[in-house]
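If you use mature numbering (1 follows the signal peptide of the UniProt record, and there is no 0), the sequence shown corresponds to residues -24 to -1, 1 to 391, in order. Following: one structure in structure tokens, then a few remarks.
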Amino acid sequence: MMTKHFTIPTLIWLGTLLPLLAQAEFLDLASTPLQTSGSSDVKPNLMFILDDSGSMGNTYTPDWASTSYNPLFENASYNTQYYNPNVTYLPAVTANNVSMGSQTTFTAVKVDVTDTGAAKGGTVNLTGSADYFGFVAGEYCTTAALTSCQKNSQQTAANMFPADVRWCNSSAEARAATPTGSLTCQGINDQSTYKYLRQPRAAYTLRITGVSGQVYVDSIKINNIELLSGTVSASSNNNLANAIVQSASNSTRGLCDSASSSAVTATSTIRVYGNCQAAQTAVSSNSSGVIKFTTIVGAPINPNTPVQITFRGNASIVGTWDQSSADVPGSLVYVKIADTLDKYTAPGSVEKSPDRTDCKGATCTYQEEMANYANWYTYYKTRLQAMKTAASLAFSNMDSRYRIGFMRICDPGNS
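Structure, rendered in structure tokens:
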């Protein structure tokens, strides 16, 4: 066995290092990324690894957001890939750091772009088709985890974080006006325990009286969301109520996507059954022409005019918000971007989002909102488009002092 011998001078030398080693923990660390901090010409090497798999062509994020139900798919709180009216969508830049330009010709918006900004895949006319849904928080939480929350229409010192969307550990908790505990719901869908979507829910009543002759109901809206599948008509209170229930039950955006109802008699109650969209909405009408329903549209943004009804003929049709104690807090809103409206705000607000730096005033004009939507469509609509745009902006300020490698995960050998 080999024995090591240390001389006294060596031990003394090692001893002098101990105080230095003990002080290492007090060293100051850089507060900014190495590649951007300081003015040194010695910059680190970077490796950019691109995910070019087929899923990068998806128009939804995360993977579980691939629903065909528009109020969720076209809602950035649920599908984070979709257009978010609170975000300014900047155009991509070329390799020479030249902006590819905002999309301001709304009848010919580029589907995609090449590395020089030229159209790729042609153009599309977005006028008349630009729209989005949005959740307005009715609960605010103590942390970003969204586990401990209170019903409120605005943030407080203790509850700073809005709960646009939460996921609960049971369908009962998701539908409860107030979940039973602080760990029953959270902000992340883990697809195992916390997988039940908690979304707004509110009760309403429609009262139909005085129908004389044929009456036509063209539209019933809450928060600009149309509840009818088309115009309905009838010549009595009860028959008109039945027609409204049937139309709402068949609406692709409203209460139910399929349902059937019993015939109306002088003393009967109409009750709709079927596969109601996401909310298992219950709709009923009694013999007095009263329709009661619960909907995921949630609370009205404007309680003074909770239901907007357009009809023709002699009748009285009044919609009210019941403000039930069983309501799940929050609202779902719908916005159609059209030149007939020249004031656009953050969902549920009277002003734009502070992050909408592209809008000059307190609200956004039609031109500003439409250009932002068109930029999203061209530069961010799919995962790959968003990645290309974000990478072009992130690397735009890096000069020749940086050495940057590139690799694709699907073909690393030819990158």
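A virtual CB, placed ideally from N, CA and C, is assigned to each residue, including glycine.
Here the alpha carbon of Gly114 sits roughly 8 Å from the alpha carbon of Gln126.
Linking Thr92 to Arg377 through their CA atoms gives a straight-line distance of about 23 Å.
Taking Gly265 as reference, the option from Pro282, Arg183, Gly274 and Asp166 with the minimal CA-CA separation is Arg183. In the displayed model, Thr181 falls within a strand according to three-state DSSP.
With a beta-carbon spacing of about 6 Å, Phe287 and Asp194 fall inside the 8 Å limit used to define contacts. The Cβ neighbour count for Trp143, taken over all protein chains shown within 10 Å, is at least 16; the residue is labelled buried. The segment 287 to 297 makes no contact with the segment 76 to 92; the number of CB pairs closer than 8 Å stays below 3.
Using a C-beta cut-off of 8 Å, the segment 34 to 46 makes contact with the segment 351 to 366, since at least three inter-stretch Cβ pairs fall below that distance.
Straight through space, the alpha carbons of Val18 and Tyr54 are spaced by roughly 43 Å.
A residue is called buried once 16 or more other Cβ atoms fall within 10 Å of its Cβ, and Pro279, having fewer, is exposed.
Scanning its chain for C-beta atoms nearer than 8 Å, with the 5 sequence neighbours on each side dropped, one finds around Gly104 the residues Ala314, in chain order. When only Cα atoms are considered, Asn213 and Lys268 end up about 14 Å apart. The residue from Tyr180, Lys328, Arg379 and Pro323 with its alpha-carbon nearest to that of Asn51 is Pro323. For the pair Pro47 and Arg379, the Cα-to-Cα distance works out to about 45 Å. Between Asp107 and Val311, the C-beta spacing is below 8 Å. Ser168 is not a Cβ neighbour of Ser124, given a cutoff of 8 Å. Contact annotation: Val304 and Gln175 have beta-carbon atoms nearer than 8 Å.
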